Amino acid sequence: MVLLHTIRWAKVGRVKFVSLISKDVVCYGNECFAMFFHLTTQDEQVLVANLPSGNGDGINEVRGHKSHYVFAYSENCDNARVFIKNYPEFETIQIFHGKFIIYL
């Protein structure tokens, strides 16, 4: 489930990760929430990864590309997948899992 609007109720609590998605977007969060904050427009979006059949089973690490609006995150579970998505649409570009690549 991806929520693409401002969410005031989502509180991260203890921040597990912080990453720059580009020169003007910061991503931070923990467990199954990744908060994306655009420094120029002050927009905030939330990626929820709490379904293994959806966006993954939790979020372990997030890394972004410094000049493109693309980021990758890994699941917080055994035998984790790595998701490559774009920002701000959160469309899945690629999923890596074990020895196999899932092409979309």
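Residue numbering for the sequence shown follows my numbering, starting at 1 and increasing by one per position. Idealized CB from N, CA, C, for every residue including glycine. In this text the structure is predicted, and so the values were computed from the model without any measurement.
Proximity of I21 and G64 at Cβ, strictly below 8 Å: yes
Status (buried if at least 16 other CB within 10 Å, exposed otherwise) for K66: exposed
Contact under 8 Å by Cβ, V46 with M35: yes
Cβ shell of C110 (< 6 Å), same chain only, five flanking positions each side left out: Because the chain here runs from 1 to 104, residue 110 falls outside it and cannot be looked at.
Residues bridged to I86 [DSSP beta-bridge criterion]: The question names Ile, but residue 86 is Asn in the sequence shown. Note: N86 sits in a beta bridge opposite V70.
Other residues of its chain near E91: CB distance less than 8 Å, five sequence neighbours each side excluded: K85
Test item: CB-CB of G58 and N79 under 8 Å: no
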